[in-house]
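Chemist: Just so you know, the sequences run in chain order A and B.
The numbering used here puts the last residue of the first sequence at 183; the count rises by one with no breaks.
The numbering used here puts the last residue of the second sequence at 183; the count rises by one with no breaks.
Handing you a structure now.
There are 2 protein chains.
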Amino acid sequence: MLTPRIENFVLHCGEMGSRWGFNRTIGQMVGLLVINEQPLTANDIADALKISRGNVSMGIKELQSWQLVRVHHIPGDRKEYYAPNGSIWDLANKVFEERRKREIDPTLSLLRDQILAEANTEQEKYAQKQMQQIHDLLETVTKWSAELQRLSPEQLQSLMKLGAQVSKVIDLKDKLLRKN
Amino acid sequence: MLTPRIENFVLHCGEMGSRWGFNRTIGQMVGLLVINEQPLTANDIADALKISRGNVSMGIKELQSWQLVRVHHIPGDRKEYYAPNGSIWDLANKVFEERRKREIDPTLSLLRDQILAEANTEQEKYAQKQMQQIHDLLETVTKWSAELQRLSPEQLQSLMKLGAQVSKVIDLKDKLLRKN
DNA sequence: AGTGTCTTTCAGTAATTATTGAAAGTTTAA
DNA sequence: TTAAACTTTCAATAATTACTGAAAGACACT
Chain A
4 MLTPRIENFV LHCGEMGSRW GFNRTIGQMV GLLVINEQPL TANDIADALK ISRGNVSMGI
64 KELQSWQLVR VHHIPGDRKE YYAPNGSIWD LANKVFEERR KREIDPTLSL LRDQILAEAN
124 TEQEKYAQKQ MQQIHDLLET VTKWSAELQR LSPEQLQSLM KLGAQVSKVI DLKDKLLRKN
Chain B
4 MLTPRIENFV LHCGEMGSRW GFNRTIGQMV GLLVINEQPL TANDIADALK ISRGNVSMGI
64 KELQSWQLVR VHHIPGDRKE YYAPNGSIWD LANKVFEERR KREIDPTLSL LRDQILAEAN
124 TEQEKYAQKQ MQQIHDLLET VTKWSAELQR LSPEQLQSLM KLGAQVSKVI DLKDKLLRKN
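Structure, rendered in structure tokens:
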């Protein structure tokens with residue numbers, strides 16, 4: 004069914020998937036969908052990964068909650084065909100975005116509450132200081148991720164290629180701002 | 004032992020920890036260490052989190068493999084005292100770095116092999132195209148993360164505060180490069 | 001209304017992962 | 001060398017998470 008090489012890739016996606024917020028099987032599903040040009044049916048997936056039809060159904064549901072797959076229909080065919088919901092970049096973005104919503108946002112909200120509360124003991128005062136640090140870090144991450152979403156593909160590419168020049172640009176920017 | 008508020012924070016760290024590469028208990032350990040100004044002994048941790056002494060030992064070992072804790076000694080005292088290994092920012096960095104090593108690097112290596120191999124079928128050709136995309140994305144991420152490590156704290160702060168101005172700076176850089 | 005084709009659900013079970021606690025290991029000091 | 005104070009290890013077990021397959025649901029066609 005799968006060539007050894009493609010199977011190799013899919014298995015690897017499984018291992019990685021479990022570190023990115025879904026389980027091994029779901030990681031494999033993503034891998035499988037991504038390297039197949041044609042959309043696959045639930046049965047294709049079950050056969051390729053040797054898992055039950057029910058498991059595929061649950062996996063697809065999960066992937067839809069992450070907005071990572073989309074459904075195709077072929078006229079005269081009742082089956083659903085699944086394909087990745089966008090380019091590799093789009094998918095990576097969706098995962099980030101979704102994790103931000105599920106992890107960072109609730110954490111920020113908890114931290115804000117804690118920071119606003121009155122610190123009674125020395126221990127709590129120090130705790131608040133640390134929480135403030137975490138809060139600031141997460142807020143920065145959030146802002147940046149929003150910013151990345153907003154950039155045009157061209158700007159993004161420009162930014163991505165910046166690489167080793169980041170520091171030069173920063174220095175440049177600092178100089179310019181000082182002049183203003 | 005823990006004030007309700009601090010316990011709340013620690014529990015939350017547990018939930019988050021399980022999404023960041025360690026398990027719930029280890030997440031709680033990090034939370035606990037981070038909000039305590041004084042280093043804690045293994046027994047302090049076991050008591051605070053209501054887990055066994057052995058579990059603390061394993062957790063510490065894991066955290067050391069991530070370089071997230073450091074050991075203190077008090078003269079005349081044989082116990083080991085544990086504290087976070089650096090500021091919040093340092094810790095976040097360590098986690099990123101470690102995950103890069105464990106997840107991204109092996110993936111890049113697999114992808115490179117696959118991309119160099121000869122594609123026999125159409126299916127494999129498409130698969131390679133997609134793998135190339137993933138490869139490029141991961142390589143960019145890797146380069147950027149290396150770059151961030153290299154920046155001075157001042158430059159970093161500058162970059163972090165950039166936020167909504169990213170696009171302006173990119174445009175600026177594009178203009179300048181064109182002139183050169 | 002009935003049948004065929006497909007999808008979803010979920011109780012039961014399998015697989016995996018985390019935890020305990022007793023035993024073994026380490027280090028210091030007398 | 002023995003003991004005391006600590007840490008680490010790991011086999012047994014508990015807790016959690018994932019998977020199966022049979023049943024129910026949905027839908028289109030006749």
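Where a beta carbon is used, it is the ideal one built from N, C-alpha and C, also for glycine.
From a predicted model like this one, the values you see are computed outputs, not experimental measurements.
Taking only the alpha-carbon atoms, compute the straight-line gap between A:Asp50 and B:Pro7 and give it to the nearest angstrom.
Modeler: Working through the first sequence from its first residue, we reach residue 50 of chain A at position 47. Working through the second sequence from its first residue, we reach residue 7 of chain B at position 4. Taking the straight line joining both Cα atoms gives about 51 angstroms.
Chemist: I want to verify the contact list: residues of chain B whose CB lies under 8 angstroms from the CB of A:Leu162, in sequence order.
Modeler: Taking the first sequence and counting its residues from 1, one reaches residue 162 of chain A at position 159. Neighbours of A:Leu162 on chain B, chain order: Val169, Ile173.
Chemist: How about B:Gln70 and B:Asn88: do their beta carbons lie closer than 7 angstroms?
Modeler: By one-based count along the second sequence, residue 70 of chain B stands at place 67. By one-based count along the second sequence, residue 88 of chain B stands at place 85. Yes. Within cutoff.
Chemist: How about B:Ala130 and A:Ile38: do their beta carbons lie closer than 7 angstroms?
Modeler: Here residue 130 of chain B corresponds to residue number 127 of the second sequence, with the count starting at 1. Here residue 38 of chain A corresponds to residue number 35 of the first sequence, with the count starting at 1. Their beta carbons are under 7 angstroms apart, which means B:Ala130 touches A:Ile38 by this criterion.
Chemist: With DSSP as the reference, label A:Arg153 as helix, strand or coil.
Modeler: Counting from 1 along the first sequence, the entry for residue 153 of chain A is found at position 150. In the structure shown, A:Arg153 sits in a helix (DSSP, three-state: H, G or I).
Chemist: Between A:Glu40 and chain B, is there a C-beta pair that is closer than 7 angstroms?
Modeler: Taking the first sequence and counting its residues from 1, one reaches residue 40 of chain A at position 37. Yes, contact with chain B.
Chemist: Secondary structure at B:Pro87, three-state DSSP: helix, strand or coil?
Modeler: On the second sequence, position 84 is the one that residue 87 of chain B refers to. B:Pro87: strand per DSSP, three-state reduction.
Chemist: Mapping the DSSP letters down to three states, classify A:His75 as helix, strand or coil.
Modeler: As a position in the first sequence, residue 75 of chain A is number 72, starting the count at 1. DSSP places A:His75 in strand when its eight states are reduced to three.
Chemist: Under the three-state reduction of DSSP, which class applies to B:Leu5: helix, strand or coil?
Modeler: For the purposes of this step, residue 5 of chain B is taken as residue 2 along the second sequence, with counting starting at 1. Three-state DSSP puts B:Leu5 in coil, outside helix and strand.
Chemist: For B:Gly24 versus B:Arg102, is the C-beta spacing smaller than 7 angstroms?
Modeler: Counted from its first residue, the second sequence places residue 24 of chain B at position 21. Counted from its first residue, the second sequence places residue 102 of chain B at position 99. Yes. Within cutoff.
Chemist: For B:Leu43, write down the residues that DSSP places opposite it in a beta bridge.
Modeler: For this step, residue 43 of chain B is matched to residue 40 along the second sequence. Note: B:Leu43 sits in a beta bridge opposite B:Tyr85.
Chemist: With a threshold of 16 other CB atoms inside 10 Å of the CB of A:His76, please say whether the residue is buried or exposed.
Modeler: In the first sequence, the residue the question calls residue 76 of chain A occupies position 73. Exposed, since its Cβ has fewer than 16 Cβ neighbours within 10 Å.
Chemist: Counting along the chain, where does the alpha helix (DSSP H) carrying B:Ser112 start and finish?
Modeler: For the purposes of this step, residue 112 of chain B is identified with residue 109 of the second sequence, where counting begins at 1. Segment 108-119, the alpha helix (DSSP H) holding B:Ser112.
Chemist: Classify B:Thr41 as buried or exposed, calling it buried when 16 or more other Cβ atoms lie within 10 Å of its own Cβ.
Modeler: Translated into the one-based positions of the second sequence, residue 41 of chain B becomes position 38. Thr is not the amino acid found at residue 41 of chain B; the sequence shown has Gln there. By the 10 Å Cβ count, B:Gln41 comes out exposed.
Chemist: Output the boundary residues of the alpha helix (DSSP H) element that contains A:Gln67.
Modeler: Here residue 67 of chain A refers to the residue found at position 64 when the first sequence is read from its first residue. Segment 56-68, the alpha helix (DSSP H) holding A:Gln67.
Chemist: Decide if A:Gly20 is buried, meaning its Cβ has at least 16 other Cβ atoms within 10 Å, or exposed.
Modeler: To locate residue 20 of chain A, count along the first sequence from 1; it is residue 17. So A:Gly20 counts as buried.
Chemist: Tell me which residues share the same chain as A:Met134 and place their Cβ nearer than 7 angstroms to its Cβ, disregarding the 5 neighbours each side in the sequence.
Modeler: The residue you call residue 134 of chain A lines up with position 131 of the first sequence. Hits under 7 angstroms: Leu114, Gln117, Ile118.
Chemist: Which chain A residues are close to B:Leu113, counting only those with a beta carbon under 8 angstroms from its beta carbon?
Modeler: Reading the second sequence from its first residue, position 110 is the one you call residue 113 of chain B. Asn11, Phe12, His15, listed in chain order.
Chemist: Assuming B:Glu83 and B:Ala45 make a contact with CB atoms under 8 angstroms, what is their CB distance in whole Å?
Modeler: Your numbering for residue 83 of chain B matches position 80 in the second sequence. Your numbering for residue 45 of chain B matches position 42 in the second sequence. The Cβ separation is near 7 angstroms, so the contact holds.
Chemist: Check the C-beta distance from B:Ile29 over to B:Leu66 and give it rounded, since I have them as a contact under 8 angstroms.
Modeler: By 1-based counting over the second sequence, the position of residue 29 of chain B is 26. By 1-based counting over the second sequence, the position of residue 66 of chain B is 63. 6 angstroms between Cβ atoms; contact.
Chemist: To the nearest angstrom, how far is it from the Cα of B:Arg105 to the Cα of B:Lys53?
Modeler: In the second sequence, residue 105 of chain B corresponds to position 102, counting from 1. In the second sequence, residue 53 of chain B corresponds to position 50, counting from 1. Rounded to the nearest angstrom, the two C-alpha atoms are 30 angstroms apart.
Chemist: For A:Gln135, decide whether its Cβ has a neighbour in chain B, counting only Cβ atoms nearer than 7 angstroms.
Modeler: Stepping through the first sequence from its first residue, residue 135 of chain A is reached at position 132. By this cut-off, A:Gln135 is not an interface position.
Chemist: Can you tell me whether B:Trp147 is helix, strand or coil according to DSSP?
Modeler: For the purposes of this step, residue 147 of chain B is taken as the residue at position 144 of the second sequence. It is helical.
Chemist: Alpha carbons only, please: which of A:Gly62, A:Leu36, A:Pro109, A:Pro78 is nearest the one belonging to A:Tyr85?
Modeler: Your numbering for residue 85 of chain A matches position 82 in the first sequence. It is A:Leu36.
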